[in-house]
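Participant: If you read the protein sequences in the order shown, they are chains V and C.
With the first sequence counted from 1, adding 1303 to any position gets you this note's numbering.
With the second sequence counted from 1, adding 1303 to any position gets you this note's numbering.
Number of protein chains: 2
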Amino acid sequence: MNKIKNDIFLRACRKQPVERTPIWIMRQAGRYLPEYRAIRQKADFLTMCKTPELAAEVTIQPVDIIGVDAAIIFSDILVIPEAMGMKLEMHEGKGPIFHKPIRNENDAKSLKKIDPAKDLKYVLDAVSLTKKELNGRVPLIGFSGSPWTLLTYMVEGKGSKNFSSVKSLIYNNPSLAHSVLSRLADAVTDFLSAKIEAGADAVQIFDTWAGILSQNDFEEFSLQYIEMIVSNIKRKKEPVLYFPKGVHFKLRKLSRCGADVISLDWTMNIGKVREKIGKTVALQGNLDPAVLYAGKEKIKEEANKILGLYGEGSGHIFNLGHGILPDVDPENARYLVKVVKEESGKYHKQSEKA
Amino acid sequence: MNKIKNDIFLRACRKQPVERTPIWIMRQAGRYLPEYRAIRQKADFLTMCKTPELAAEVTIQPVDIIGVDAAIIFSDILVIPEAMGMKLEMHEGKGPIFHKPIRNENDAKSLKKIDPAKDLKYVLDAVSLTKKELNGRVPLIGFSGSPWTLLTYMVEGKGSKNFSSVKSLIYNNPSLAHSVLSRLADAVTDFLSAKIEAGADAVQIFDTWAGILSQNDFEEFSLQYIEMIVSNIKRKKEPVLYFPKGVHFKLRKLSRCGADVISLDWTMNIGKVREKIGKTVALQGNLDPAVLYAGKEKIKEEANKILGLYGEGSGHIFNLGHGILPDVDPENARYLVKVVKEESGKYHKQSEKA
Chain V
1304 MNKIKNDIFL
1314 RACRKQPVER
1324 TPIWIMRQAG
1334 RYLPEYRAIR
1344 QKADFLTMCK
1354 TPELAAEVTI
1364 QPVDIIGVDA
1374 AIIFSDILVI
1384 PEAMGMKLEM
1394 HEGKGPIFHK
1404 PIRNENDAKS
1414 LKKIDPAKDL
1424 KYVLDAVSLT
1434 KKELNGRVPL
1444 IGFSGSPWTL
1454 LTYMVEGKGS
1464 KNFSSVKSLI
1474 YNNPSLAHSV
1484 LSRLADAVTD
1494 FLSAKIEAGA
1504 DAVQIFDTWA
1514 GILSQNDFEE
1524 FSLQYIEMIV
1534 SNIKRKKEPV
1544 LYFPKGVHFK
1554 LRKLSRCGAD
1564 VISLDWTMNI
1574 GKVREKIGKT
1584 VALQGNLDPA
1594 VLYAGKEKIK
1604 EEANKILGLY
1614 GEGSGHIFNL
1624 GHGILPDVDP
1634 ENARYLVKVV
1644 KEESGKYHKQ
1654 SEKA
Chain C
1304 MNKIKNDIFL
1314 RACRKQPVER
1324 TPIWIMRQAG
1334 RYLPEYRAIR
1344 QKADFLTMCK
1354 TPELAAEVTI
1364 QPVDIIGVDA
1374 AIIFSDILVI
1384 PEAMGMKLEM
1394 HEGKGPIFHK
1404 PIRNENDAKS
1414 LKKIDPAKDL
1424 KYVLDAVSLT
1434 KKELNGRVPL
1444 IGFSGSPWTL
1454 LTYMVEGKGS
1464 KNFSSVKSLI
1474 YNNPSLAHSV
1484 LSRLADAVTD
1494 FLSAKIEAGA
1504 DAVQIFDTWA
1514 GILSQNDFEE
1524 FSLQYIEMIV
1534 SNIKRKKEPV
1544 LYFPKGVHFK
1554 LRKLSRCGAD
1564 VISLDWTMNI
1574 GKVREKIGKT
1584 VALQGNLDPA
1594 VLYAGKEKIK
1604 EEANKILGLY
1614 GEGSGHIFNL
1624 GHGILPDVDP
1634 ENARYLVKVV
1644 KEESGKYHKQ
1654 SEKA
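Given below as structure tokens:
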């Protein structure tokens, strides 16, 4: 494997000294970039995911255009349920649809056990190709949805306001929910291990719907599976990042789940979270994605607030508190990256010498 | 005014001794009740709001059918923007639509100052009529949306996933946002004062979209207006309840906003919140509304958990952590009320003697 030239992201994940705070942006390979839309015009979303050359190209775009310190493989969290046999449709602006959602034992039986090396070979090929084309410029992040978030999509079948179907399932048939969650945990473990094997330098688990659960339900239906996954992933030094969006509670338990980095949404105070759990884990985040609608002055001010709240020393990866919005001006994303690179140096004087 | 026979809700709001925990349910006058749907078949939603006889009838239904300890006037938070001149359409299942949302100074200029006694007379008439028909059985709650939540609807114009328009507004034109928020705060103050004058025994401010804001933005664009409203409402002993959904931070500031009761969503640990701010305010909540999809055993278990977390003594109003879902079996709502009434007595032995 090539030595990585800019490894500042990986060092921050491990809380090793850095000379400035690294930054990447969730959904950085996406619709806000005209260069992405040009490719998207030629191929639909799933074709892009399944064509390693196209996936590699859009994965690398933000490294060139925005200047981020890490690439994240272009893909979708729903490739796992699709590989398990669920027919997936993607509608621009309307979100994903499974026409036959999982509602009972029979539906669940139809889900097949996956072997990522075969069933998700196209993702692994995209990782290898991207890794090669990146040529060590920045690290490459692989990712997966969490079992809970995947289950939510698989049971709801489409966008949901109240998540009635998946909530009904966990309250009325928790053993079925747990049986599918276990199978998903195995699939996620194997998939992330295979991505690392294929060249990913770090992996992130997205738990977009963690925040719809009460505190006990989060532990029972999401966090315990994250712990299993993190302890079973085959990895050497590759960090694991976990993003439990909307989870503002049980921070100490979160910090002991095994992930190296906890990613925070924009409703959290990253300074206070660091006080509580910053000795155990690195933190990622957490600018409100909508701040990128603002002018440069406001972007600079808000970026500085977050850098200041985290304060001195390593262990912070700058990011948004959720994915970049599709109608953001790419110039503003580029400016945010520039500002974080320029302004964060002063927080790392000490750790540099350390 | 009639003396209220069952005033346990009001006593709990004031943290006075109670013999058991009171309960009501957000959106208790709603679609889950066949008796409500029977009336809704004859009149559309806004007609129901605007016809005091119909509004009174559905307001009282859950007192008879479910056995709750308070009635809440059937209405909608968007009657304020409608009275300010915005044409409102309600689509069953799709949510409200304003075809001409507020996006700039010109749009904002078109909003007229309202006089609730004239422009929202139908709501006040519904309050008076309901009060009369309730005949002192239980207290009647009046309500309003918060300025921030109203602004969100007025600027987005329809359901939103990312709240891009209102976020753009606050970041790019904060002075326009503040000018509309001030006007809304005045309208809310006058409206809630008029509701109390018309007979409401308590008022609740719904801040459904508080949780989409970062911590500083919540203070700047929502909480400061709540403080203004609460300090300016004309009231005698009528409690004010505030429900900032999704707000898990700045609890001490929240507890000093002037509201007597803070209502919590289901992601909060009501026991921990009580430890922090329970001396200053009463707390309302906070069962996950989806628990009502479960069987009786689970409903009882979860209700008991919340009662146990709050613990001994007055100052707890049992409720869901958000509105009751439209496809819940009314029998389960009735069972929840029964369980809370039966199980909560043991937490009030001491306060009864107090």
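Built from N, CA and C at the ideal position, the CB exists for glycine as well.
Out of V:T1324, V:I1580, V:D1310, state which residue places its alpha-carbon closest to the alpha-carbon of S1617 of chain V.
Facilitator: If we check each option's Cα against that of S1617 of chain V, V:T1324 comes out closest.
Participant: Express the C-alpha separation of K1424 of chain C and V1441 of chain C in angstroms, rounding to a whole number.
Facilitator: One C-alpha to the other measures close to 23 Å.
Participant: Pull out every residue of the segment 1469 to 1489 of chain V whose Cβ sits closer than 8 Å to any Cβ of chain C, in chain order.
Facilitator: For the segment 1469 to 1489 of chain V, which is checked against every Cβ of chain C, the residues closer than 8 Å are K1470, S1471, Y1474, N1475.
Participant: With DSSP run on the structure shown, which of helix, strand or coil describes I1375 of chain V?
Facilitator: Here I1375 of chain V sits in strand by DSSP.
Participant: Find the residues of chain C that neighbour G1514 of chain V, judging by a C-beta separation of less than 8 Å, and give them in chain order.
Facilitator: Residues of chain C passing the Cβ test: T1570.
Participant: Do we get a CB-CB distance below 7 Å when we pair Y1528 of chain C with the residues of chain B?
Facilitator: Annotation note: the requested chain B is absent from the structure, which comprises protein chains V and C.
Participant: Under a Cβ-count criterion, where at least 16 other Cβ atoms within 10 Å of its own Cβ denotes burial, should E1645 of chain V be classed as buried or exposed?
Facilitator: When all chains shown are included, E1645 of chain V counts as exposed.
Participant: So what does DSSP say about Q1527 of chain C, is it helix, strand or coil?
Facilitator: Here Q1527 of chain C sits in helix by DSSP.
Participant: Let me see if you follow: with CB-CB separation under 7 Å, is A1593 of chain V close to chain C or not?
Facilitator: Cβ-Cβ to chain C under 7 Å: yes for A1593 of chain V.
Participant: Mind checking whether V1550 of chain V and A1513 of chain V have CB atoms under 7 Å apart?
Facilitator: Cβ distance < 7 Å, so V1550 of chain V and A1513 of chain V count as in contact.
Participant: Counting only beta-carbon atoms, is Y1339 of chain V nearer than 7 Å to chain C?
Facilitator: Not closer than 7 Å to any Cβ of chain C, the Cβ of Y1339 of chain V fails to qualify, so no.
Participant: Could you confirm whether any beta carbon from chain C is found closer than 7 Å to the beta carbon of A1597 of chain V?
Facilitator: So, interface residue.
Participant: Nearest-angstrom Cα distance between G1614 of chain C and I1444 of chain C?
Facilitator: Approximately 25 Å, taken between the alpha carbons.
Participant: Check each residue of the segment 1623 to 1639 of chain V: if its Cβ is closer than 7 Å to any Cβ of chain C, include it; give the result in chain order.
Facilitator: Within the segment 1623 to 1639 of chain V, the residues whose Cβ lies closer than 7 Å to some Cβ of chain C are L1628, D1630, listed in chain order.
Participant: Residues of chain V with CB under 9 Å from N1681 of chain C, in chain order?
Facilitator: It is not possible to answer for residue 1681 of chain C, since the shown part of chain C is limited to 1304 through 1657.
Participant: In the DSSP assignment, what are the bridge partners of E1408 of chain V?
Facilitator: Bridge partners of E1408 of chain V: none, in fact.
Participant: List the residues of chain C that Q1587 of chain V touches, going by C-beta distances under 7 Å, in chain order.
Facilitator: Per Cβ cutoff of 7 Å: no residues; Q1587 of chain V is ~16 Å from chain C at best.
Participant: May I ask which residues mark the beginning and end of the alpha helix (DSSP H) holding N1635 of chain V?
Facilitator: Taken as a continuous stretch (DSSP letters only), the alpha helix (DSSP H) holding N1635 of chain V covers 1633 to 1646.
Participant: Can you give me the Cβ contacts of V1382 of chain C inside the same chain, cut-off strictly under 7 Å, excluding the 5 residues immediately before and after it?
Facilitator: Closer than 7 Å at the Cβ level, and outside the excluded window around V1382 of chain C, lie C1352, L1423, V1426.
Participant: The beta strand (DSSP E) with Q1507 of chain C in it runs from where to where?
Facilitator: Q1507 of chain C -> beta strand (DSSP E) spans 1505 to 1510.
Participant: Between S1431 of chain V and chain C, is any beta-carbon pair separated by less than 7 Å?
Facilitator: Taking Cβ atoms only, chain C never reaches closer than 7 Å to S1431 of chain V, which makes this a no.
Participant: Let me know the secondary structure DSSP gives A1657 of chain V once reduced to three states.
Facilitator: Residue confidence is low: A1657 of chain V scores 44 on pLDDT, short of 50, so the model does not pin down where it sits. Its coordinate-derived value is still stated next. Coil.
Participant: Note down the Cα distance separating K1656 of chain V from A1315 of chain V, rounded to an integer number of angstroms.
Facilitator: Confidence in K1656 of chain V is poor, its pLDDT being 46 and thus under 50, which makes the residue's placement too unreliable to answer from.
Participant: Which first and last residues belong to the beta strand (DSSP E) in which A1585 of chain C is found?
Facilitator: Start and end: 1585 to 1590.
Participant: Nearest to G1370 of chain V by alpha carbon, out of V:R1406, V:P1384, V:W1327?
Facilitator: It is V:W1327 whose Cα lies nearest to the Cα of G1370 of chain V.
Participant: Touch check for the segment 1401 to 1410 of chain V and the segment 1467 to 1486 of chain V: three-plus C-beta pairs under 8 Å?
Facilitator: Judged by Cβ distances under 8 Å, the segment 1401 to 1410 of chain V makes contact with the segment 1467 to 1486 of chain V, as three or more pairs qualify.
Participant: Does DSSP classify S1482 of chain V as helix, strand or coil?
Facilitator: Correct three-state label for S1482 of chain V: helix.
Participant: Please classify I1311 of chain C as buried or exposed, where buried requires at least 16 neighbouring CB atoms within 10 angstroms.
Facilitator: Classification for I1311 of chain C: buried.
Participant: Whole angstroms is fine: what's the gap from N1577 of chain V's alpha carbon to S1566 of chain V's?
Facilitator: The amino acid occupying residue 1577 of chain V in the given sequence is Arg; Asn does not appear at that position. So the two alpha carbons sit approximately 12 Å from each other.
Participant: Take I1376 of chain C and list the residues in its own chain whose beta-carbon comes closer than 8 Å to its own, dropping the five residues that flank it on each side.
Facilitator: Around I1376 of chain C: A1358, T1362, V1426, A1429, V1430, T1433, L1443, I1444, G1445, F1446, K1498, A1503.
Participant: Counting pairs of Cβ atoms below 8 Å between the segment 1412 to 1420 of chain C and the segment 1625 to 1637 of chain V, do you hit three or more?
Facilitator: Short answer: they don't touch.
Participant: Name, please, each residue of chain V whose Cβ falls closer than 8 Å to the Cβ of H1551 of chain C.
Facilitator: The contacting residues are H1551, F1552, T1570.
Participant: Is D1372 of chain V buried or exposed, if buried means 16 or more other CB atoms sit within 10 Å of its CB?
Facilitator: So D1372 of chain V counts as buried.
Participant: For the alpha helix (DSSP H) containing I1368 of chain V, name the first residue and the last one.
Facilitator: Counting along the chain, the alpha helix (DSSP H) containing I1368 of chain V begins and ends at 1355 to 1368.
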